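S.K.:
Number of protein chains: 2
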Amino acid sequence: MAGADPLLMIPGPTNLPAEVREALAGPGFYHRGEQMAELIKRCTAGLQRLMGTADDVLILTSSGTGAVEAGITSFLSPGDRVLVVEGGKFGERMAEIARAFGADVTPLAVEPGHAVRPDDLATILRGGPFRAVLCAHNETSTGVTHPIAEVAAAAREAGALTIVDCVSCLGGVPVCADEWGLDVVAAGSQKCLMLPPGLAFVGVREDVWERTAGAGMPSYYFDLRKARESLRKGQTPYTPSTTLIAALGAALDLIEAEGIEGVFARHHAMAEAARAAMLAAGLELFAQEACRSDTVTAVRSPEGIDSVELVRVVRERHNVLISGGQAELRGRIFRIGHMGLVRFEHIERTLQAVADTLANLGYECDANAMILAARQAANAS
Amino acid sequence: MAGADPLLMIPGPTNLPAEVREALAGPGFYHRGEQMAELIKRCTAGLQRLMGTADDVLILTSSGTGAVEAGITSFLSPGDRVLVVEGGKFGERMAEIARAFGADVTPLAVEPGHAVRPDDLATILRGGPFRAVLCAHNETSTGVTHPIAEVAAAAREAGALTIVDCVSCLGGVPVCADEWGLDVVAAGSQKCLMLPPGLAFVGVREDVWERTAGAGMPSYYFDLRKARESLRKGQTPYTPSTTLIAALGAALDLIEAEGIEGVFARHHAMAEAARAAMLAAGLELFAQEACRSDTVTAVRSPEGIDSVELVRVVRERHNVLISGGQAELRGRIFRIGHMGLVRFEHIERTLQAVADTLANLGYECDANAMILAARQAANAS
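These protein sequence lines map, in sequence, to chains A and B.
In terms of this note's numbering, the first sequence has 51 at position 52, counting the first letter as 1, and numbering is strictly consecutive.
In terms of this note's numbering, the second sequence has 282 at position 283, counting the first letter as 1, and numbering is strictly consecutive.
1) Taking the Cβ atom as the reference point for each residue, do Val-203 of chain A and Val-172 of chain A lie within a distance shorter than 8 angstroms?
2) Flag this pair as yes or no: are the beta carbons of Val-84 of chain A and Ala-97 of chain A separated by less than 8 angstroms?
3) Under the three-state reduction of DSSP, which class applies to Pro-26 of chain A: helix, strand or coil?
4) Could you pull the DSSP bridge partners for Gly-187 of chain A from this structure?
5) Please identify the residue among B:Leu-194, B:Gly-215, B:His-136 whose C-alpha is closest to the C-alpha of Glu-68 of chain B.
6) Would a check of beta-carbon distances place Arg-130 of chain B closer than 8 angstroms to chain A?
7) Give the C-beta separation of Pro-236 of chain A and Thr-242 of chain B to the nearest angstrom, bearing in mind that I take them to be a contact with Cβ-Cβ under 8 angstroms.
8) Residues of chain B with CB under 9 angstroms from Met-35 of chain A, in chain order?
9) Entirely within the stretch 328-365 of chain B and at least 3 residues each: give me those beta strand (DSSP E) ranges in chain order.
10) State the Cα-Cα distance for the pair Phe-285 of chain B and Leu-107 of chain B, rounded to the nearest angstrom.
11) Can you check which of these residues, A:Asn-14, A:Ser-300, A:Leu-23, A:Ala-17, is closest to Glu-390 of chain B by C-alpha distance?
12) Within 8 angstroms of any Cβ in chain B, is that where the Cβ of Ala-366 of chain A sits?
13) Between Ala-3 of chain B and the rest of its own chain, which residues show a CB-CB distance below 8 angstroms, the 5 nearest in sequence each way excluded?
14) Quick one: does Ser-73 of chain A have its CB under 8 angstroms from some CB of chain B?
15) Starting from the beta carbon of Arg-20 of chain A, find every residue of chain B whose beta carbon is closer than 7 angstroms, and list them in chain order.
16) What does the Cβ neighbour count give for Gly-126 of chain A, buried or exposed, with the cut at 16 atoms within 10 Å?
17) What residue does the alpha helix (DSSP H) around Val-67 of chain A start on, and which one ends it?
18) Would Thr-141 of chain B and Gly-86 of chain B qualify as a contact pair, given that the criterion is a beta-carbon distance under 8 angstroms?
19) Could you check how far apart the C-beta atoms of Gly-303 of chain B and Ala-199 of chain B are, in whole angstroms? I think they sit under 8 angstroms.
20) Pro-128 of chain B and Gly-170 of chain B - do their beta-carbons sit closer together than 8 angstroms?
21) Can you tell which of B:Glu-308, B:Thr-161, B:Val-298 has its C-alpha closest to the C-alpha of Leu-282 of chain B?
22) Could you tell me the distance, in whole angstroms, from the CA atom of Leu-192 of chain B to the CA atom of Arg-329 of chain A?
23) Which residues in chain B have a C-beta closer than 9 angstroms to the C-beta of Ala-99 of chain A? List them in chain order.
24) For Leu-7 of chain B, go through chain A and note every residue whose CB falls closer than 9 angstroms to its CB, in chain order.
25) Counting only Cβ-Cβ distances shorter than 7 angstroms, please list the residues of the stretch 231-250 of chain B near chain A, keeping chain order.
26) Cutting at 6 angstroms between CB atoms, please list the residues of its own chain near Gln-234 of chain B, excluding the five before and the five after it.
27) Please report the distance separating the alpha-carbon of Arg-210 of chain B from that of Ala-250 of chain A.
28) Closer than 8 angstroms, CB to CB, is Ser-306 of chain B near chain A or not?
29) Should Glu-85 of chain A be flagged as near chain B, meaning a C-beta pair shorter than 8 angstroms?
30) Classify Glu-271 of chain B as buried or exposed, calling it buried when 16 or more other Cβ atoms lie within 10 Å of its own Cβ.
31) Find the residues of chain A that neighbour Leu-459 of chain B, judging by a C-beta separation of less than 9 angstroms, and give them in chain order.
32) Less than 8 angstroms between C-beta atoms, sequence neighbours within five positions excluded: which residues of the same chain meet that for Thr-105 of chain B?
33) Any residues in the stretch 165-197 of chain A with a beta carbon nearer than 7 angstroms to a beta carbon of chain B? Which ones, in chain order?
34) For the beta strand (DSSP E) holding Thr-242 of chain A, just list the boundary residues, first then last.
35) What are the start and end residues of each continuous alpha helix (DSSP H) run of 4 or more residues lying completely inside the stretch 58-131 of chain B, in chain order?
36) Here's a check: name, in chain order, each residue in its chain whose Cβ is nearer than 8 angstroms to the Cβ of Met-0 of chain B, leaving out the five neighbours to either side.
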């Protein structure tokens, strides 16, 4: 690990604030004592504010995918018909998980870069009944934010549960679970929450427990009913990552100190900045205008430039990490994460690195103009 | 967290060395880059040495229970008959997991404090066929180490897989997976490995992949076939806890620096010390002599003393954490963990605290005599 730390502008893991790193270096502690119970209580309250819910938020020791699995397997049963919004890798993952545990999956294919149209969803739901609608709120692979409130409204209208993957947006954009009627919300630590990977969270609307009484796919570690029982005692069913939970406390303190609305506004401003800069460079954003994510920006690689190469050079010459495309988008797009600890100086450094690299690869662009456009967009937001 | 850090003498989480805490405070980093691939390679090699295997060891982001679930669900199928050694909470947990995923479980009840008798096991196995034998190597709840090499031999003889929970002993006592024929070995980070909770490990004997081709219970996050595929690229299927893996590297370096044999010898010496002190105090060890664990010592609470109270006073007056009994052993035993970062000074401080508290609760014992016995036993080991 020689040299300066790289700047992480990938869509997670993200840069860690000093306060979080300090908390990570704390002493080991007992996972069932009063200290832990108080910490879990405080963290739960902070997560509830970020999720916009007064109901339970369960803390799991896993990556975000574990939370999605927990949300699916705890409330659905094998054979249940579920409608899954697929417009990228993380929507597809929800379908894979549901299928792995025996659900009868109907995919709703959405063109990558586009958001799901609630009308399309409603039409398919009328051909139901479906037990649940599964959707990623923020599709990390394409930089698209789906209109999740409208998805939930359509699902509720059709009597289906709404199970949402908010892994790459919770803490960066408003999630109003109670207001929007999100039944199950899964999230992870290593995105907007400025933590290392290893913790995951599931918010569960209070009436879901009863609505799904008796349901369940095979599960043990991810059985949320057990997690809920333990939460009543300020515990988790199995030894949780004490260290990461201590760091979660520190991260939530930082978010509260900045103000939740301020954090969301900053994410929006940094997203506006990134988007404006790319447009100023004559590049095309991959996501349609109405659904562009405030936590990750996907950009089409210019004609003749392989984004794998772009990402490599940006890393090697500038010590800045951005991401390429996944699966069929490999080589075709690059992605800039602007989530968690991201300020304008980070955007600026990234733009400089991207502009310089694009120029070296044969695509002329003006770094100063990009940065100017970014600054104006951030200020105007 | 006012005051000095408590001394953790519970059977996990354990005390964290300065080097591990420093690694935990490191910067965030990308989970699919070269840095991670090298780290995973180095950690895998270290874990292989501790497990005594040349085969794959997969790193999971979960607590130890997740590793046990992964080991069971990846290689067994619903309806499979499995024999589970139950002599305490963690054996029972293996049975619970197997049942949750549809296995046909035959429990082999072992009296708490006793080790399973391989002959009993062989007898039941002859009434098979069984697909697998599930056994905790070190039963944390009773301080018993089961004769796992003989268990594995009996299982192999009967054509059954051996799936072992080594969560609370890997890194503290020899585990010779290849030599003993352990097919699947699950372990966790927060015990002998001197790490916080949040990482788990599964060693898989090479021929198991083929022997179980086509098998599998519903799983996704814990699907070890996917983990194995990713390991070939120095990755994990889902974002792992980068920070904890960096700390794992630091912990394995400490173990290598001390020497693996030295680490095992130190664990044995500390266990001998704890046991000798308890006997010198006239207390009764809960585990039978032949099967006493080198990582946790369970002691019967003296007549009239509730171990819940003992544990509470030891914590509040002496800032030392020991454990009580679980389930039906609650109040009846107390347990001293001596795993990971444990040296004689820690044992001594613990004995002083326990002796003082026992005396206050009405059980006379001589702290100096206990410490002397401990020191002699440690030196003689």
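Backbone N, C-alpha and C define an ideal beta-carbon position, used for all residues, glycine too.
Remember, it's a predicted structure, so these values are computed and weren't measured experimentally.
M.R.: With the given structure in hand:
1) no
2) no
3) coil
4) A:Ala-199
5) B:Gly-215
6) no
7) Not confirmed; about 23 angstroms, so no contact.
8) Within 9 angstroms Cβ-Cβ: nothing; Met-35 of chain A doesn't reach chain B, min ~10 angstroms.
9) 332-336
10) 20 angstroms
11) For residue 390 of chain B there is no data in the structure shown, the boundaries of chain B being 0 and 380.
12) no
13) Asn-318
14) no
15) Ala-24
16) exposed
17) 63-72
18) yes
19) So it is not a contact: roughly 40 angstroms between Cβ atoms.
20) no
21) B:Val-298
22) 39 angstroms
23) Pro-217, Ser-218, Tyr-219, Asp-222
24) Pro-26, Gly-27, Phe-28, Tyr-29
25) Tyr-237, Thr-238, Pro-239, Ser-240, Thr-241, Thr-242, Leu-243
26) Arg-31
27) 46 angstroms
28) no
29) no
30) buried
31) Outside the shown range of chain B, which is 0 to 380, sits residue 459 of chain B, and nothing can be said about it.
32) Arg-80, Val-81, Leu-82, Val-83, Ile-123, Phe-129
33) Gln-189, Pro-195, Pro-196, Gly-197
34) Unbroken run through Thr-242 of chain A is the alpha helix (DSSP H), 241-257; no beta strand (DSSP E).
35) 63-74, 88-99, 117-125
36) Low confidence applies here, because Met-0 of chain B scores a pLDDT of 39, under 50, leaving its location unreliable; read the following figure in that light. If we look at Met-0 of chain B and ignore the five residues flanking it on each side, it has no Cβ neighbours.
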